[in-house]
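Student: Below are the C-alpha cells for one structure; questions will follow.
Number of protein chains: 2
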Amino acid sequence: MTLNRKRNIINSSKRTGIKEIAGLADVSIGTVDRVIHNRGQVSKKTMKKILDVMDKTNYRPNFVARVLASKEKPRLVCLIPFHTPENMYWEAPLEGIIKAEKEIADYGVTVNYFLFNQYLADSFEKKARDVLSDNPDGVLLAPIFSKQASDFVKKLDNLKIPYVFIDSKLKEANNLSFFGQNSFRSGMLAAKLMEFSCRSKGTIVIVNIGTEYENIHHARERENGFKTYFLNNTPGISLHVLNISSENINNRDSLVEIPDTDISGIFATSSAHIIANYLNHKGKNQITLIGYDLTNDNITFLEKGIIDFLICQKPREQAFRGIYALFHHIVFKKQIRRNNLMPLDIITRENLNDYLEFELNKEGYYE
Amino acid sequence: MTLNRKRNIINSSKRTGIKEIAGLADVSIGTVDRVIHNRGQVSKKTMKKILDVMDKTNYRPNFVARVLASKEKPRLVCLIPFHTPENMYWEAPLEGIIKAEKEIADYGVTVNYFLFNQYLADSFEKKARDVLSDNPDGVLLAPIFSKQASDFVKKLDNLKIPYVFIDSKLKEANNLSFFGQNSFRSGMLAAKLMEFSCRSKGTIVIVNIGTEYENIHHARERENGFKTYFLNNTPGISLHVLNISSENINNRDSLVEIPDTDISGIFATSSAHIIANYLNHKGKNQITLIGYDLTNDNITFLEKGIIDFLICQKPREQAFRGIYALFHHIVFKKQIRRNNLMPLDIITRENLNDYLEFELNKEGYYE
DNA sequence: TGAATTATCGTGTACGTACACGGAAATAAT
DNA sequence: ATTATTTCCGTGTACGTACACGATAATTCA
Numbered sequence: 007m008t009l010n011r012k013r014n015i016i017n018s019s020k021r022t023g024i025k026e027i028a029g030l031a032d033v034s035i036g037t038v039d040r041v042i043h044n045r046g047q048v049s050k051k052t053m054k055k056i057l058d059v060m061d062k063t064n065y066r067p068n069f070v071a072r073v074l075a076s077k078e079k080p081r082l083v084c085l086i087p088f089h090t091p092e093n094m095y096w097e098a099p100l101e102g103i104i105k106a107e108k109e110i111a112d113y114g115v116t117v118n119y120f121l122f123n124q125y126l127a128d129s130f131e132k133k134a135r136d137v138l139s140d141n142p143d144g145v146l147l148a149p150i151f152s153k154q155a156s157d158f159v160k161k162l163d164n165l166k167i168p169y170v171f172i173d174s175k176l177k178e179a180n181n182l183s184f185f186g187q188n189s190f191r192s193g194m195l196a197a198k199l200m201e202f203s204c205r206s207k208g209t210i211v212i213v214n215i216g217t218e219y220e221n222i223h224h225a226r227e228r229e230n231g232f233k234t235y236f237l238n239n240t241p242g243i244s245l246h247v248l249n250i251s252s253e254n255i256n257n258r259d260s261l262v263e264i265p266d267t268d269i270s271g272i273f274a275t276s277s278a279h280i281i282a283n284y285l286n287h288k289g290k291n292q293i294t295l296i297g298y299d300l301t302n303d304n305i306t307f308l309e310k311g312i313i314d315f316l317i318c319q320k321p322r323e324q325a326f327r328g329i330y331a332l333f334h335h336i337v338f339k340k341q342i343r344r345n346n347l348m349p350l351d352i353i354t355r356e357n358l359n360d361y362l363e364f365e366l367n368k369e370g371y372y373e
Numbered sequence: 007m008t009l010n011r012k013r014n015i016i017n018s019s020k021r022t023g024i025k026e027i028a029g030l031a032d033v034s035i036g037t038v039d040r041v042i043h044n045r046g047q048v049s050k051k052t053m054k055k056i057l058d059v060m061d062k063t064n065y066r067p068n069f070v071a072r073v074l075a076s077k078e079k080p081r082l083v084c085l086i087p088f089h090t091p092e093n094m095y096w097e098a099p100l101e102g103i104i105k106a107e108k109e110i111a112d113y114g115v116t117v118n119y120f121l122f123n124q125y126l127a128d129s130f131e132k133k134a135r136d137v138l139s140d141n142p143d144g145v146l147l148a149p150i151f152s153k154q155a156s157d158f159v160k161k162l163d164n165l166k167i168p169y170v171f172i173d174s175k176l177k178e179a180n181n182l183s184f185f186g187q188n189s190f191r192s193g194m195l196a197a198k199l200m201e202f203s204c205r206s207k208g209t210i211v212i213v214n215i216g217t218e219y220e221n222i223h224h225a226r227e228r229e230n231g232f233k234t235y236f237l238n239n240t241p242g243i244s245l246h247v248l249n250i251s252s253e254n255i256n257n258r259d260s261l262v263e264i265p266d267t268d269i270s271g272i273f274a275t276s277s278a279h280i281i282a283n284y285l286n287h288k289g290k291n292q293i294t295l296i297g298y299d300l301t302n303d304n305i306t307f308l309e310k311g312i313i314d315f316l317i318c319q320k321p322r323e324q325a326f327r328g329i330y331a332l333f334h335h336i337v338f339k340k341q342i343r344r345n346n347l348m349p350l351d352i353i354t355r356e357n358l359n360d361y362l363e364f365e366l367n368k369e370g371y372y373e
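Residue numbers (the working numbering), protein chains in the order written: chain A, 7 to 373; chain B, 7 to 373.
In C-alpha cells form, the structure reads like this:
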C-alpha cells in the first residue's frame, strides 16, 4: 500500500511529543519524562514551565511508543468457575477471555487462569489465595461467593491491584468496573413477552431450578422483576412460583404440575432446558416457555420450538470486555466506566443463527 | 504500577523479533526486512534460509513497533448520507465513525467525511468523485444508490483501495467487508412477535411509509420476511399491505384506515413514529405496533407504550466496526470477516434504558 | 583481465518513549 | 573556602521495526 502523503504535509495535526515540549521548555527529554511520571527530581520552577508547555501544546502521550519502550509486561488473571458437562454456562466467559488475551498479546499482556468449582466456596478461597501469590497486575473475577469474594477484594485493595467483576458484583467494593446484567429488569422484560404471549389467559408459572448455589441472586432478581411487571400491568393474573431443588430434577413426571390449573406460560429463571425437556416429553408444546442463556441444551429446544424466548446476558462479551477494561486501564491509563449493564438480548428461533454467528466472531474493538 | 517481573523471566514466551531471526539466519536485519516486505533484492537461497527460520521461530511481526516505525499515516474516508431534522437515522453511524476515529488516532489514522444527500443520487456521485480525488487508503460507504455506487467501487477496485459497506451491500462487489442486518429475517422476527401478541385475532397491517428512496430495499425485505413467517406458521391470518407515499404522510386522518376490519397489529417497515403519532391521536393504543430503529421520535412513543417493539439494527456499531475493519486490515494486516450481520435486537420499554446507555458507551475493542 | 554493471546485502538513522547512569549546580557541613 | 551532600538535570541506550543509503560481491561486457 502506498499512502498518500501530500495531505499529511498540509495537515499540521502532527502530535507534539515529549521531545518537542522539551525543546519548547528548554529542558531535556529526561526532565520532561520525570514530570510526566511524577518521578520527582525536578524543581518547582522547571516543573511548572514544562507543565505549561504541555498544557499549551495539548500534549498527549503516544501510547504506541510507550508500550514499545516500556519493559512492563502486565499480567492479568481471571478467577471464574470452570464449566462442567452439566453446567456449560461458564464456558462462554472463558472463550471471551481467551479471545481478548489473543488480541492484546501484541501489547505484552498475558492472562493466567484460575478456575474454581462454582459449587464450593472452599475452592474459590483456595484459588483466590493462588491469585494473590501470583501477584498479578489486574484481576477479573466472578464474585459468586459474596463473603469470600469480599475478603479477597479487600486484599486486592490493599495491594492496589485493580479488579473487575463480571456476572455479579459486590456492594461497597472498589472494583474498577463491572460487566453484567440487570436481572430485575430482565425479569420485567420476560414478563412483558409473557404477557404479550398469554394475554391474561391461564396461569403463569415461575420456576426456580436448583438455585441453591451461585445462581440464586440472579434467579431471585429475575423472579422479582417478573412479578413486579405483572403487579403493575396485570394485577389480576394468576402467578405461581415453583422451587425445585436440584435433587428433584430427575423426577420428571411431576416437574411442573399444578392441580386444577391451565398453564399458559412458564418462566424459567434458570435451566430452561430441563423444563423444556419435560414439556417436550409430555407433549405440551403450546405452553409459552421463556428462559435464560444460550447454552447448547437451551438452543436445541429453542430450535424445536419448545422454548419460545431466551434472554441472553452475553457472558462471552462480559468477560471479553472485562479483560479489555483492565487492559485499557493498565496499559493506556484510560478511564473506565464503572457499571456496564449488557443489553437484554432476546433470542428466538428466527434470530438465533444470526446471533450465534455474530457473537462468536466479534473482535476486540467494539466498545 | 510495579509489575511483577519474576514470571517473565521464567516465561520463555519472549517473541522472536526481526533481529533475532537475522542472527539465526546469519544475515542482517535489513535483509530480513526485505523478505518480510517482499522488497526483492534478496537471493533465492538466503530468502529460503530466512523463511525457514521465520517458520521455525514462528515469527510474528510486532505491530506496535511497526506502527511506531512506519511513516504511513493511513487516511480513511466515509461516504454516507448526512442526517436532517426530518430523518435522523444517519446521525448514529456518524457517531460511530467519530468514536472509532478517536480510538485509532493514536495509530496515526485519520478519517475524512464525505456526506451526501440521501435523496439525491447526484449528490452521491459528486461526493464519490470527491472521495476519489482525495485518494484515501480505505473507504467506508453506504451504497444506497446501487448503480452509482457500483460504478464507484469499480474505480476503487482499480485503484486497489479497500472499501467496506454498511447498511446495505452490492452484489458482486469486491468489498472488504459488510456490516448490516438481515432485513428478511428481521421481518420474520417481527412477525413472530406480532403473532405472539395478536394470537390470530383481527387484521394485521404492514405499512410502508415513504419508501421511494434509499430505504426501499430494507422495507421490501422486511415485508417479505414478515409475510413469509405468517405464510409458514399462520396461513389463515388476515394481512393487509398499505403503501403510503411520503406526500400523503400529513393526511393523518386516513393514515391507517381499512374499512370493515378490526386491526390488531401494525408492522411499520419504517418511520414507525408516524404511525404511532396517528394511533396516539386516535386513541387507538391497544393496537400492537412494531417498528424499526431507535430514533428519538420512535423512542418517545416506545416510552409512551404506543410502540411495543422496536427492532434495532445498531447503526452506530455498524459504522464503528466498519471503520475498525478498515483499520485492522490496513494497519495490522488482519484478516477481516466479509459478512457481519448485526444481531436483531429487540427493544421494549423495559430494556430501553439499559440499551441506550450501553450503546452509547461501548468502546472500540469488542469484536 | 579489467572495468562497468547489477544483484545482493549491511549499516545507520528514525519513530516516541522509558529509564539507568552520571554529571553539574546548589546547598550544607566542616 | 573546601569538601561533602543533596538536588536537579542531561545523556545514552533500548524497545522492534521501516527504510534510505552505501558497500560488497557477483556478473557482464569490453
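C-beta: ideal position from N, C-alpha, C; glycine also.
List, from N- to C-terminal side, the alpha helix (DSSP H) runs of 4 residues or more that fit wholly inside the region 29-70 of chain A.
Tutor: Segments of the alpha helix (DSSP H) lying fully in the region 29-70 of chain A: 35-42 and 50-62.
Student: At 4 residues or longer, what runs of the alpha helix (DSSP H) sit wholly inside the region 168-253 of chain A?
Tutor: Within the region 168-253 of chain A, the complete alpha helix (DSSP H) runs of at least 4 residues are 189-204 and 222-239.
Student: So, helix, strand or coil for P321/B, using DSSP?
Tutor: Mapped onto the second sequence, residue 321/B falls at position 315. Note: P321/B maps to helix in three-state DSSP.
Student: Buried or exposed for A197/B, going by 16 or more other Cβ atoms inside 10 Å?
Tutor: One-based indexing of the second sequence puts residue 197/B at position 191. The residue is buried, with at least 16 neighbouring Cβ atoms inside 10 Å.
Student: Report yes or no: is there a C-beta of chain A within less than 9 Å of the C-beta of R191/B?
Tutor: Mapped onto the second sequence, residue 191/B falls at position 185. By this cut-off, R191/B is an interface position.
Student: Please identify the residue among A179/B, D136/B, K108/B and N164/B whose C-alpha is closest to the C-alpha of P149/B.
Tutor: What you label residue 149/B is simply residue 143 of the second sequence in a count that begins at 1. That would be A179/B, whose Cα lies nearest to the Cα of P149/B.
Student: Indicate whether A325/A and G102/A have their beta-carbon atoms separated by less than 9 Å.
Tutor: As a working mapping, residue 325/A is identified with position 319 in the first sequence. As a working mapping, residue 102/A is identified with position 96 in the first sequence. A contact, by the Cβ cut-off of 9 Å.
Student: Just reading off the beta strand (DSSP E) that V145/B is part of, what are its end residues?
Tutor: Residue numbering aside, residue 145/B sits at position 139 when the second sequence is read from its first letter. G144 to L147 is the span of the beta strand (DSSP E), which, as asked, contains V145/B.
Student: Chain B beta carbons: is any one of them nearer than 9 Å to that of D39/A?
Tutor: Looking up residue 39/A in the first sequence gives position 33. Cβ-Cβ to chain B under 9 Å: no for D39/A.
Student: Can you check DSSP and say which residues form a bridge with A274/B?
Tutor: Position 268 of the second sequence holds residue 274/B. Looking at the DSSP assignment, A274/B forms a beta bridge with V213/B.
Student: Closest Cβ-Cβ distance between K290/B and chain A: below 9 Å?
Tutor: The count along the second sequence starts at 1 and reaches residue 290/B at position 284. No - not a single Cβ of chain A is within 9 Å of the one on K290/B.
Student: Give the residues from the region 74-87 of chain B that approach chain A closer than 7 Å (Cβ to any Cβ), ordered along the chain.
Tutor: Flagged, chain order: L74, E78, K79, P80 and R81.
Student: List, in chain order, every chain B residue whose beta-carbon is nearer than 8 Å to that of V70/A.
Tutor: Position 64 of the first sequence holds residue 70/A. Within chain B, the residues near V70/A are V70, V73, L74, D112 and Y113.
Student: Step through the CB atoms of chain B and report whether any lies within less than 9 Å of the CB of R135/A.
Tutor: Mapped onto the first sequence, residue 135/A falls at position 129. No, because no Cβ of chain B sits closer than 9 Å to the Cβ of R135/A.
Student: How far does the alpha helix (DSSP H) with I104/B in it extend, from its first residue to its last?
Tutor: Looking up residue 104/B in the second sequence gives position 98. Run containing I104/B: E97 to I110, per the alpha helix (DSSP H) assignment.
Student: If you follow the beta strand (DSSP E) that R81/A is part of, which residue opens it and which one closes it?
Tutor: Within the first sequence, numbered from 1, the residue matching residue 81/A stands at position 75. First-last of the beta strand (DSSP E) with R81/A: R81 to P87.
Student: Is DSSP giving D157/B helix, strand or coil here?
Tutor: Your numbering for residue 157/B matches position 151 in the second sequence. Of the three classes helix, strand and coil, the one that applies to D157/B here is helix, per DSSP.
Student: So T354/A contacts chain B; which residues on that side make the cut at Cβ distance below 7 Å?
Tutor: Here residue 354/A is taken as the residue at index 348 of the first sequence, counted from 1. Neighbours of T354/A on chain B, chain order: L195 and K198.
Student: Can you give me the C-alpha to C-alpha distance between C204/A and Q187/A, rounded to a whole angstrom?
Tutor: The residue labelled residue 204/A in the question sits at position 198 within the first sequence. The residue labelled residue 187/A in the question sits at position 181 within the first sequence. If you take the alpha carbons of C204/A and Q187/A, they lie about 26 Å apart.
Student: Applying the 10 Å Cβ sphere with the 16-neighbour rule, what's the burial state of G289/A?
Tutor: As a position in the first sequence, residue 289/A is number 283, starting the count at 1. G289/A should be labelled exposed.
Student: Using the Cα positions of F333/A and I243/B, report the straight-line distance between them to the nearest angstrom.
Tutor: Position 327 of the first sequence, counted from the first residue, corresponds to residue 333/A. Position 237 of the second sequence, counted from the first residue, corresponds to residue 243/B. Near 54 Å, if we compare the C-alpha coordinates of I243/B and F333/A.
Student: Cα separation between Y65/A and G271/B?
Tutor: One-based indexing of the first sequence puts residue 65/A at position 59. One-based indexing of the second sequence puts residue 271/B at position 265. Answer to the nearest angstrom: the Cα atoms are 57 Å apart.
Student: Below 8 Å on the Cβ atoms is my contact criterion, and I expect I215/B with S276/B to pass it. Report the Cβ-Cβ distance as a whole number of Å.
Tutor: To locate residue 215/B, count along the second sequence from 1; it is residue 209. To locate residue 276/B, count along the second sequence from 1; it is residue 270. Right, their Cβ atoms sit about 6 Å apart.
Student: So the alpha helix (DSSP H) F122/B belongs to, where does it begin and stop?
Tutor: In the second sequence, residue 122/B corresponds to position 116, counting from 1. Looking at the DSSP string, F122/B is not in any alpha helix (DSSP H); the run it does join, the beta strand (DSSP E), is T116 to F122.
Student: Using a Cβ-Cβ distance under 9 Å, would L9/B count as near chain A?
Tutor: For this step, residue 9/B is matched to residue 3 along the second sequence. Caution applies to L9/B, whose pLDDT of 36 falls short of 50 and renders its modelled position unreliable; the model cannot decide the point.
Student: Any Cβ of chain A within less than 9 Å of the Cβ of P91/B?
Tutor: Counted from its first residue, the second sequence places residue 91/B at position 85. Judged by the 9 Å Cβ criterion, P91/B is not in contact with chain A.
Student: Within 10 angstroms of its Cβ, does T267/A collect 16 or more other Cβ (buried), or is it exposed?
Tutor: The sequence position of residue 267/A within the first sequence is 261, counting from 1. Exposed, because fewer than 16 other Cβ atoms sit within 10 Å of the Cβ of T267/A.
Student: Could you tell me how far apart the beta carbons of V41/B and A28/B are, in whole angstroms, since I believe they sit closer than 8 Å?
Tutor: Start at 1 with the first residue of the second sequence, and residue 41/B comes out as number 35. Start at 1 with the first residue of the second sequence, and residue 28/B comes out as number 22. At roughly 11 Å, the Cβ-Cβ gap does not stay under 8 Å, so V41/B and A28/B are not in contact.
Student: For chain A, find out if any of its Cβ atoms is closer than 9 Å to the Cβ of R205/B; answer yes or no.
Tutor: Residue mapping note: residue 205/B aligns to position 199 of the second sequence, counting from 1. Yes, R205/B lies at the interface with chain A (some Cβ there is under 9 Å from its Cβ).
Student: If you reduce the DSSP assignment to three classes, tell me which class I16/A lands in.
Tutor: Looking up residue 16/A in the first sequence gives position 10. Bear in mind that the predicted position of I16/A carries a pLDDT of just 30, short of 50, making it unreliable; the figure below should be weighed with that in mind. Three-state DSSP puts I16/A in a helix.
Student: Give me, in chain order, the residues of the same chain whose beta-carbon lies closer than 6 Å to that of D157/A; leave out the 5 immediate sequence neighbours on both sides.
Tutor: Position 151 of the first sequence holds residue 157/A. Same-chain partners within the cutoff: there are none.
Student: Starting from Y361/B, find everything on chain A with Cβ-Cβ shorter than 7 Å and list it in chain order.
Tutor: As a working note, residue 361/B is residue 355 in the second sequence. What Y361/B touches in chain A: P349.
Student: Measuring CA to CA, which of I250/A, K175/A and V70/A is closest to I280/A?
Tutor: Taking the first residue of the first sequence as 1, we reach residue 280/A at position 274. Among I250/A, K175/A and V70/A, the Cα nearest to that of I280/A belongs to I250/A.
Student: May I have the straight-line CA-CA distance separating L176/B from D163/B, to the nearest angstrom?
Tutor: By 1-based counting over the second sequence, the position of residue 176/B is 170. By 1-based counting over the second sequence, the position of residue 163/B is 157. In a straight line, the C-alpha of L176/B is about 14 Å away from that of D163/B.
Student: Please classify P87/B as buried or exposed, where buried requires at least 16 other C-beta atoms within 10 Å of its C-beta.
Tutor: In the second sequence, the residue the question calls residue 87/B occupies position 81. By the 10 Å Cβ count, P87/B comes out buried.
Student: Output, in chain order, the set of chain B residues within a Cβ distance shorter than 8 Å of N64/A.
Tutor: Here the question's residue 64/A lines up with position 58 in the first sequence. By Cβ distance, chain B contributes nothing, its closest Cβ being about 13 Å from N64/A, past 8 Å.
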